[in-house]
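Enquirer: Heads up: the sequence lines are chains A and B, in that order.
Mapped onto the numbering used here, the consecutive letters of the first sequence carry residue numbers 21 to 529.
Mapped onto the numbering used here, the consecutive letters of the second sequence carry residue numbers 148 to 489.
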Amino acid sequence: MISQDNSYVLQDLTRRFPGVLAVDNVNLEVKQGEIHGIIGRNGAGKSVLVNMVAGILAPSAGRVVVKDGFLSPDHSSPIIAHRLGISLIPQEPTFARQLSVVDNMFMGRNITGPANLIRPRQMARAIEGICERLTVKARPNQPIGELPIESQQMLAFGKAVYIDRAKVILLDEITASLTQERKDMLLNLLQTTTRQQPDLSFTLISHHISEVLEFTDRVTVMRDGARVATIDTPGSSKEELAGWIVGDAPKVRIDVPKPRARTKAPILRAEGLSAAPHLKDFDLEIHAGEIVGFAGLEGSGKDAAIEMLFGLRHPSSGTIELNGTAVELQDPLKALSSGIAFLPKHREAQAVIHTRSVEENTLISCYRQFSNRLGLIARSRARAVVEKRSADLRVKTPSIHAVIDNLSGGNKQKVMINRLALTAPQLFLLNEPTRGVDISAKPSLLKVIREELADKSAVIMISESEEELVEVCDRVMVFFKGKVERVIERGEAEFDVGEIYRQVQGVRQ
Amino acid sequence: MTDQNATTTKARQGALGGLRFDPKLIFATIIEKHLIWALLAALILIGLAMPGFMSTRNLVNVMWAAAPLGCMVLGLFFVILTGGLDLSLESTFALAPTVAVVVFTSTLAEYIWPGFAILLVPLLGALVGWVNGMFSVKLGVSAFLVTLGTLLIMRGIVIYLIPEGVYYLPDEITFLGKARLWGVLPVAVIVWIVLYILAFIAINYHRLGKDIFALGNNEEAAFIAGVNVSRTKVTCFAIAGMLASIGGLLEVGRLTSVVADMGEGDILMVFAGTILGGAALTGGAGTVGGIFAAVLVIAIIENLMNLYGVEPSIRQIVFGVILMCAIYLASLQGKLRNWRKD
Chain A
21 MISQDNSYVL QDLTRRFPGV LAVDNVNLEV KQGEIHGIIG RNGAGKSVLV
71 NMVAGILAPS AGRVVVKDGF LSPDHSSPII AHRLGISLIP QEPTFARQLS
121 VVDNMFMGRN ITGPANLIRP RQMARAIEGI CERLTVKARP NQPIGELPIE
171 SQQMLAFGKA VYIDRAKVIL LDEITASLTQ ERKDMLLNLL QTTTRQQPDL
221 SFTLISHHIS EVLEFTDRVT VMRDGARVAT IDTPGSSKEE LAGWIVGDAP
271 KVRIDVPKPR ARTKAPILRA EGLSAAPHLK DFDLEIHAGE IVGFAGLEGS
321 GKDAAIEMLF GLRHPSSGTI ELNGTAVELQ DPLKALSSGI AFLPKHREAQ
371 AVIHTRSVEE NTLISCYRQF SNRLGLIARS RARAVVEKRS ADLRVKTPSI
421 HAVIDNLSGG NKQKVMINRL ALTAPQLFLL NEPTRGVDIS AKPSLLKVIR
471 EELADKSAVI MISESEEELV EVCDRVMVFF KGKVERVIER GEAEFDVGEI
521 YRQVQGVRQ
Chain B
148 MTDQNATTTK ARQGALGGLR FDPKLIFATI IEKHLIWALL AALILIGLAM
198 PGFMSTRNLV NVMWAAAPLG CMVLGLFFVI LTGGLDLSLE STFALAPTVA
248 VVVFTSTLAE YIWPGFAILL VPLLGALVGW VNGMFSVKLG VSAFLVTLGT
298 LLIMRGIVIY LIPEGVYYLP DEITFLGKAR LWGVLPVAVI VWIVLYILAF
348 IAINYHRLGK DIFALGNNEE AAFIAGVNVS RTKVTCFAIA GMLASIGGLL
398 EVGRLTSVVA DMGEGDILMV FAGTILGGAA LTGGAGTVGG IFAAVLVIAI
448 IENLMNLYGV EPSIRQIVFG VILMCAIYLA SLQGKLRNWR KD
């Protein structure tokens, strides 16, 4: 079906989600013996793409073709993919933590002898061999959960290569949990493995440019769901790749008011906040009417910083001052009562109260305001406020009594913003407010943030999208490996999507 | 745009379907939302055919017998809403009245008005619940293990205090469980109904209810939204203990005696009632009305079996079968919800 030297081929592979074209007509040939990189920013479609290759998501159209068969919209499942020799090593190892290394590695494919009895010694020996090759320190009968994540990650790799004998091996952000030393080792291992077994191919998904340059033979760049380029890695550079990844950045669309003169004292001042190894010496000063953006990769310290300001994480040193008085934020309750409101990153897991009404979801942070001394709720007053807020933000819902789960992502997010706003905070902390929101709904959400939230209060906003930061922020702080590397003010020449992206990636010119 | 049109058409069709008396849809709606009420109605229909069931006397007795169980079920409901559980309720049910009885039959009785028992019992129950809650929430020990421990401890205390039971009780202690208003309506039934009304208000019109549902549905989200998660959970345990102890007081009055094995083994029926009433073990789902109906269902089944003369030895089997059917139907609810969406 495919030519001899191809490992797998994607033909017009497409995946649609309601309102979003996640992967758009991708064609790609990956050769045998190749280490192929797939790079792109968050939301570029790389995860969806590999999940389709691994049979976890069925494509909406197109096919994934390998030597022995194919996956197509109505013929796709992890089991089929497995049978075709496709193996995905996920970012987080998915082992049964209580079971031993042997049991995990041989799960479902035990070495058996007569009468289907398993042969523990033979399996243990096999594991010892694999551990030696991967230089992982593990005893075969040890519960796998006792091992550090990076060892588990290496074992997942060993399982795919040596036990499942997969031919198409996808590594999804596997390097995220590895130390530099391990990364180098893995790189060498990938290369020796492809040399020994030339019918293998590795596909490495990453959003770290430097890793892709280090590890791969060729790299495919994804942008907005489409494959924009496939480049030979040797001879390419960080700058070239970054250029492809960012593309032509669209221009600013929202009118940002001129920064007001900062005559007043700052609302919040943080000094020297640290919590090893996530954050080092974080300083911040923010005034009413300002939006400060935090940019950075996963684990760069931006999440640690915003969570510290809400009492979800506790700094080991440093101080936080609110309106000139030092405060200690032990927990969200304390932060809320100090006038700080927080929108968490994972809306469904951390913010939405499922199966409950829009009204309850709006009010949950401020029922105190709407109840009398006995705690009984003033229903009509509460309802009137929710009605008004929902109308103001144009929350599309049949009624405020509708169950929130029936709303779209953008409308749920508006409900969450109303929830925050009702606590009348001086400072909004928004961790990826546009995450899981349809493209069409994003502008209105950003408008609300700029025009409503930042009107009287200060806003700190994290976004994976540099465009959004450039659109709404007055200042962008770029986090890299736990430190703020750069603060870029609106108006500076470097206040630009491409430049912020390069800073986020740690690319220096 | 086309997507939007499609959904609105579908919504319209759905609404029309409801009006068109599609039997399938009506059946689905009943199972999805009013399962327990349908079951209750069915049982009453069966009861109509049973001589003696509809007599005032019998109905009053059904309610009367349901009251103590009803209190425990309501208590467990509060804890289950938060995603927890409390096995020790049946021991609290016995311990609180036992302590009151011991106090008021001792020499102390001369110094305290016996009616004080009506206050002492709920306080004791709340205290026990509070201890359960503190252990499980603040120390992060699983509620199952903590309450399994207190279940045994409290039963042990009851056996130690009244190994042979107490059969002569002051009227003040038995009043709530025994007295009848106008010679007909047992006070116990009134107490039971008042407690359910209070619970209904607490769940639907009080801040506490909103906090309970929030953390039961999504604890992390509730925490981030500023709900005082641990305090709310402990409060629910305390409420549960208090309700169980009131239930115990009603039972003591109804039987005009306290015995060491009072309520022993009842916790299983309490769980059955709570689940039957629509509460989910994972927390955050269920209504006070559903729980109320579930208690009535259990009481009526028991009563019908009495009237019909079902052998005591096979009653458990009947209960078990009914429970399995109800749980199967309840498991359909989720699927039906999806079916209606499509």
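Here a beta-carbon is modelled for each residue, glycine too, at the ideal position from N, C-alpha and C.
Bear in mind that the values here come from a model prediction, so they are computed numbers and not experimental data.
#1: Taking the alpha-carbon of A/Arg388 as reference, which of B/Phe384, B/Thr321, B/Asp358 has the nearest alpha-carbon?
#2: Just reading off the alpha helix (DSSP H) that B/Ser392 is part of, what are its end residues?
#3: Would you please verify whether the beta carbon of A/Ala285 is less than 7 Å from any beta carbon of chain B?
#4: Would you mind telling me which residues of chain B sit closer than 9 Å to A/His374, beta carbon to beta carbon, in chain order?
#5: Against chain B, with Cβ distances strictly below 7 Å, would A/Gly395 count as a contact?
#6: How many angstroms separate the CA atom of B/Asp318 from the CA atom of B/Val399?
#7: At 7 Å on the CB atoms, spell out the chain A contacts of B/His353, in chain order.
#8: Taking C-beta pairs closer than 7 Å, name the residues in chain B that A/His352 reaches, listed in chain order.
#9: For A/Gly60, which residues in the same chain have their Cβ closer than 8 Å to its Cβ, ignoring the five residues on either side in sequence?
#10: Please check if any C-beta of chain A sits within less than 7 Å of the C-beta of B/Lys357.
#11: Taking all protein chains shown into account, do 16 or more other C-beta atoms lie within 10 angstroms of the C-beta of B/Cys125, making it buried, or fewer, making it exposed?
#12: Classify B/Cys472: buried if its beta carbon has 16 or more other beta carbons within 10 angstroms, exposed otherwise.
#13: DSSP state of A/Phe235, grouped into three classes?
#14: Using 8 Å for Cβ pairs, my map puts A/Val312 next to A/Ile480. What's the rounded Cβ distance?
#15: Are A/Gly502 and A/Lys300 close, meaning C-beta to C-beta below 7 Å?
#16: Excluding the 5 residues preceding and the 5 following A/Glu488 in the sequence, name in chain order all residues of the same chain whose CB lies nearer than 7 Å to its CB.
#17: Determine the extent of the alpha helix (DSSP H) in which B/Tyr352 is found, giving its start and end residues.
#18: How would you list, in chain order, the residues of chain B whose beta-carbon sits under 7 Å from the beta-carbon of A/Gln370?
#19: Can you tell me whether A/Asp184 is helix, strand or coil according to DSSP?
#20: Counting only Cβ pairs nearer than 9 Å, list the residues of chain B close to A/Glu380.
#21: Is it the case that the Cβ atoms of A/Ile225 and A/Gln446 are separated by a distance below 7 Å?
#22: Return helix, strand or coil for A/Lys17, following the three-state DSSP convention.
#23: Between which two residues does the beta strand (DSSP E) harbouring A/Lys322 extend?
#24: Which residues mark the beginning and the end of the alpha helix (DSSP H) in which B/Tyr307 is found?
#25: List, in order along the chain, the chain B residues whose C-beta lies closer than 7 Å to that of A/Phe362?
#26: Please state whether the Cβ-Cβ distance between A/Arg103 and A/Ser92 is less than 7 Å.
#27: Could you confirm whether any beta carbon from chain B is found closer than 7 Å to the beta carbon of A/Ser391?
#28: May I have the straight-line CA-CA distance separating A/Asp475 from A/His95, to the nearest angstrom?
#29: Mapping the DSSP letters down to three states, classify A/Gly89 as helix, strand or coil.
#30: My output table needs one value for A/Arg83: the three-state DSSP class, helix, strand or coil.
#31: Would B/Thr421 and B/Ile227 be called neighbours here (beta carbons separated by less than 7 Å)?
#32: Among the residues of its own chain, which have a CB less than 8 Å from the CB of A/Val272, if the five just before and after it don't count?
#33: Which value, in whole angstroms, describes the spacing of the CA atoms of B/Ile348 and B/Leu423?
#34: Given a cut-off of 7 Å, decide if A/Ile109 and A/Ile164 are closer than it, judged by their beta-carbon atoms.
#35: If we ignore side chains and look at the alpha-carbon of each, how far apart do A/Ser162 and A/Gln216 end up?
#36: Helix, strand or coil for A/Pro163? Go by DSSP, reduced to three states.
Expert: The answer reads as follows:
#1: Working through the first sequence from its first residue, we reach residue 388 of chain A at position 368. If we check each option's Cα against that of A/Arg388, B/Asp358 comes out closest.
#2: Position 245 of the second sequence holds residue 392 of chain B. Residues 376–402.
#3: Translated into the one-based positions of the first sequence, residue 285 of chain A becomes position 265. Not one chain B Cβ lies under 7 Å of A/Ala285.
#4: Translated into positions along the first sequence, residue 374 of chain A becomes position 354. Correct list: Asn364, Asn365, Ala368, Gly431.
#5: One-based indexing of the first sequence puts residue 395 of chain A at position 375. Yes, A/Gly395 lies at the interface with chain B (some Cβ there is under 7 Å from its Cβ).
#6: Translated into positions along the second sequence, residue 318 of chain B becomes position 171. Translated into positions along the second sequence, residue 399 of chain B becomes position 252. So the two alpha carbons sit approximately 11 Å from each other.
#7: Counting from one through the second sequence, the residue named residue 353 of chain B turns up at place 206. Ordered by position in chain A, the residues that pass the 7 Å Cβ test against B/His353 are Gly395, Leu396, Ile397.
#8: The residue given as residue 352 of chain A occupies position 332 in the first sequence. The sequence shown places Pro at residue 352 of chain A, rather than the His named in the question. Under the 7 Å cutoff, chain B gives Phe370, Ile371, Gly373.
#9: Reading the first sequence from its first residue, position 40 is the one you call residue 60 of chain A. Excluding residues within five positions, the ones whose Cβ falls inside 8 Å are Lys66, His227, Val241, Met242, Arg243, Ile265.
#10: Here residue 357 of chain B is taken as the residue at index 210 of the second sequence, counted from 1. Judged by the 7 Å Cβ criterion, B/Lys357 is in contact with chain A.
#11: Because residue 125 of chain B is not part of the residues shown, which for chain B are 148 to 489, the question remains open.
#12: As a position in the second sequence, residue 472 of chain B is number 325, starting the count at 1. Its Cβ having fewer than 16 others within 10 Å, B/Cys472 is exposed.
#13: Within the first sequence, numbered from 1, the residue matching residue 235 of chain A stands at position 215. A/Phe235: helix per DSSP, three-state reduction.
#14: The residue given as residue 312 of chain A occupies position 292 in the first sequence. The residue given as residue 480 of chain A occupies position 460 in the first sequence. Rounded, the Cβ-Cβ distance is 5 Å, consistent with contact.
#15: The residue you call residue 502 of chain A lines up with position 482 of the first sequence. The residue you call residue 300 of chain A lines up with position 280 of the first sequence. Yes, Cβ-Cβ distance for A/Gly502 and A/Lys300 is below 7 Å.
#16: Stepping through the first sequence from its first residue, residue 488 of chain A is reached at position 468. Excluding positions up to five away in sequence, the list reads Thr454, Leu466.
#17: Residue 352 of chain B sits at position 205 when you count from the first residue of the second sequence. Where B/Tyr352 is concerned, the enclosing alpha helix (DSSP H) starts and stops at 334–352.
#18: The sequence position of residue 370 of chain A within the first sequence is 350, counting from 1. Those within 7 Å of A/Gln370 in chain B are Glu367, Ala368, Ile371.
#19: The residue labelled residue 184 of chain A in the question sits at position 164 within the first sequence. Here A/Asp184 sits in coil by DSSP.
#20: Counting from 1 along the first sequence, the entry for residue 380 of chain A is found at position 360. Those are Lys357, Phe360, Ala361, listed as they occur along chain B.
#21: The sequence position of residue 225 of chain A within the first sequence is 205, counting from 1. The sequence position of residue 446 of chain A within the first sequence is 426, counting from 1. Not a contact, by the Cβ cut-off of 7 Å.
#22: No statement about residue 17 of chain A is possible, as the shown extent of chain A runs from 21 to 529 and does not include it.
#23: The residue labelled residue 322 of chain A in the question sits at position 302 within the first sequence. Counting along the chain, A/Lys322 falls outside any beta strand (DSSP E), though it belongs to the alpha helix (DSSP H) covering 322–328.
#24: Looking up residue 307 of chain B in the second sequence gives position 160. Taken as a continuous stretch (DSSP letters only), the alpha helix (DSSP H) holding B/Tyr307 covers 290–308.
#25: By one-based count along the first sequence, residue 362 of chain A stands at place 342. Under the 7 Å cutoff, chain B gives Ile371.
#26: As a working note, residue 103 of chain A is residue 83 in the first sequence. As a working note, residue 92 of chain A is residue 72 in the first sequence. No.
#27: As a working mapping, residue 391 of chain A is identified with position 371 in the first sequence. Yes, because at least one Cβ of chain B sits closer than 7 Å to the Cβ of A/Ser391.
#28: By one-based count along the first sequence, residue 475 of chain A stands at place 455. By one-based count along the first sequence, residue 95 of chain A stands at place 75. Near 52 Å, if we compare the C-alpha coordinates of A/His95 and A/Asp475.
#29: Counting from 1 along the first sequence, the entry for residue 89 of chain A is found at position 69. Three-state DSSP puts A/Gly89 in a strand.
#30: Counting from one through the first sequence, the residue named residue 83 of chain A turns up at place 63. When secondary structure is reduced to three states using DSSP, A/Arg83 falls in the strand class.
#31: For this step, residue 421 of chain B is matched to residue 274 along the second sequence. For this step, residue 227 of chain B is matched to residue 80 along the second sequence. In this structure, B/Ile227 lies closer than 7 Å to B/Thr421 by Cβ.
#32: As a first step, residue 272 of chain A must be located in the first sequence, where it is residue number 252. Bear in mind that the predicted position of A/Val272 carries a pLDDT of just 42, short of 50, making it unreliable; the figure below should be weighed with that in mind. For A/Val272, where only same-chain residues beyond five positions count, the Cβ hits under 8 Å are Val490, Glu491.
#33: Taking the second sequence and counting its residues from 1, the one referred to as residue 348 of chain B is at position 201. Taking the second sequence and counting its residues from 1, the one referred to as residue 423 of chain B is at position 276. In a straight line, the C-alpha of B/Ile348 is about 21 Å away from that of B/Leu423.
#34: Here residue 164 of chain A refers to the residue found at position 144 when the first sequence is read from its first residue. Here residue 109 of chain A refers to the residue found at position 89 when the first sequence is read from its first residue. Contact flag unset, no.
#35: Position 142 of the first sequence, counted from the start, is the residue given in the question as residue 162 of chain A. Position 196 of the first sequence, counted from the start, is the residue given in the question as residue 216 of chain A. Checking the sequence, you will find Gln at residue 162 of chain A rather than Ser. Distance between the alpha carbons of A/Gln162 and A/Gln216 is about 30 Å.
#36: Indexing the first sequence from 1 puts residue 163 of chain A at position 143. Strand at A/Pro163.
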